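First up is the structure itself, then whatever we jot down about it.
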Amino acid sequence: MQEEASAVCPLARKLDSLASLTKQDRTALEGLIGYVRPVERHTILVEQDCVADHALIVFAGFAARYKRRASGRRQIVAYLIPGDLCDRGALHGYPLDHGIEALTHCQVAKVPRAAYLDLLGRHPVITLAMQRARLAEEATSREWMVSIGMRSGLERTAHLLCELLERLGSIGQATDGQYDLPLTQLDLADTLGLSSVHVNRVLQALRRDGMISLRRRRLRILAPRRLCQLAEFEAGYL
């Protein structure tokens, strides 16, 4: 039971940072635990052009929004980390213009439309927090666009690592400049618009310059100020 109760923490912590949740709000969020199911790596959670009849909420693991070309090439356009969600289908019934895939083993809740709309209707503070979360998500998309268009491979990688430190730290999953980074170099390549070989070279350069260490998929930022300066990272958009 304690394990289950802890699963809701990332969602509650994220929303509480955006609007002060009441005890009733937290209880309502805990009610979503019953929808949580384990999902294996590489599972397609929502197909592109699909109209989802549920809200998708990530409770553990990394998922991604992505676009795929006819050639099979993939561009990751956003990460969904614990506490993040996709509710476009549940709210509007519109087809999704991208797919969502589990990049790692995940714990995911698929909340039926009726239950999700009831949650929002009964809890206006949760609704407000989710609206603010969408604004942060849109700002993050703009930053990723700037990275692809204007930052070098080294700068865009540094920016992503700084961003993940902030995002994971806000839900209690990064401490002392360290966090789990369970992504493959191919995942990072498809995120950063680089080849896997280029990603490997960039990570080696950041290690060599004493800015990061990466062991057993555990990232440690050794020189946060220098890494932020390299990336020109400002966390305000989050």
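Each residue of the sequence shown is one higher than the one before, counting from 1092 in the numbering used here. Backbone N, C-alpha and C define an ideal beta-carbon position, used for all residues, glycine too. Here the structure is a predicted model, which means the values were calculated and not measured.
**Prompt:** In chain order, what residues of the same chain have a beta carbon less than 8 Å from the beta carbon of Arg1233, not counting five sequence neighbours either side?
**Reply:** If we look at Arg1233 and ignore the five residues flanking it on each side, its Cβ neighbours are Tyr1328.
**Asked** Hey, how far is the Cα of Tyr1170 from the Cα of Asp1116?
**Response** Rounded to whole angstroms, Tyr1170 to Asp1116 spans 26 Å at the Cα level.
**Request:** Pull up the CB-CB distance for Ile1312 and Gly1284, whole angstroms please, since I reckon it's below 8 Å.
**Result:** No, Ile1312 and Gly1284 are not in contact; Cβ-Cβ is about 22 Å, not under 8 Å.
**Request:** Scan the stretch 1147–1200 and note each continuous alpha helix (DSSP H) run of 4 residues or more that stays entirely inside, going in chain order.
**Result:** Listed in chain order, the complete alpha helix (DSSP H) runs (minimum 4 residues) inside the stretch 1147–1200 are 1179–1183.
**Prompt:** Near Ala1326, what residues of its chain come up, given a Cβ to Cβ distance below 7 Å and the 5 sequence neighbours on each side ignored?
**Reply:** Here Ala1326 has Glu1257 as same chain residues with Cβ atoms under 7 Å from its own Cβ, once five neighbours each way along the sequence are excluded.
**Range covered by the alpha helix (DSSP H) that runs through Leu1112** = No alpha helix (DSSP H) holds Leu1112; DSSP gives it neither H nor E.
**Message:** For Asp1107 and Ile1217, I'd like the C-alpha separation in whole angstroms.
**Reply:** Going by C-alpha positions, Asp1107 is about 9 Å away from Ile1217.
**Request:** Use the C-beta contact count for Asp1188: other C-beta atoms within 10 angstroms, 16 or more gives buried, fewer gives exposed.
**Result:** Around the beta carbon of Asp1188, fewer than 16 other beta carbons lie within 10 angstroms, which makes this residue exposed.
**Item:** Backbone CA spacing between Leu1102 and Arg1317 [nearest angstrom]
**Value:** Going by the C-alpha atoms only, they are around 31 Å apart.
**Message:** My parser needs the alpha helix (DSSP H) runs of 4 or more residues fully inside the stretch 1211–1283; what are they?
**Reply:** Listed in chain order, the complete alpha helix (DSSP H) runs (minimum 4 residues) inside the stretch 1211–1283 are 1215–1241, 1244–1261 and 1276–1283.
**Message:** Looking only at its chain, what residues have a beta carbon closer than 6 Å to the beta carbon of Ala1265, apart from the 5 residues adjacent to it on each side?
**Reply:** Spatial neighbours of Ala1265 in its own chain (CB-CB distance under 6 Å, excluding positions within 5 residues in sequence) are listed in chain order as Leu1256 and Leu1259.
**Prompt:** What is the C-beta distance between Val1293 and Ala1280, in whole angstroms, given that I count them as a contact (C-beta under 8 Å)?
**Reply:** Incorrect: roughly 10 Å between the Cβ atoms, too far for contact.
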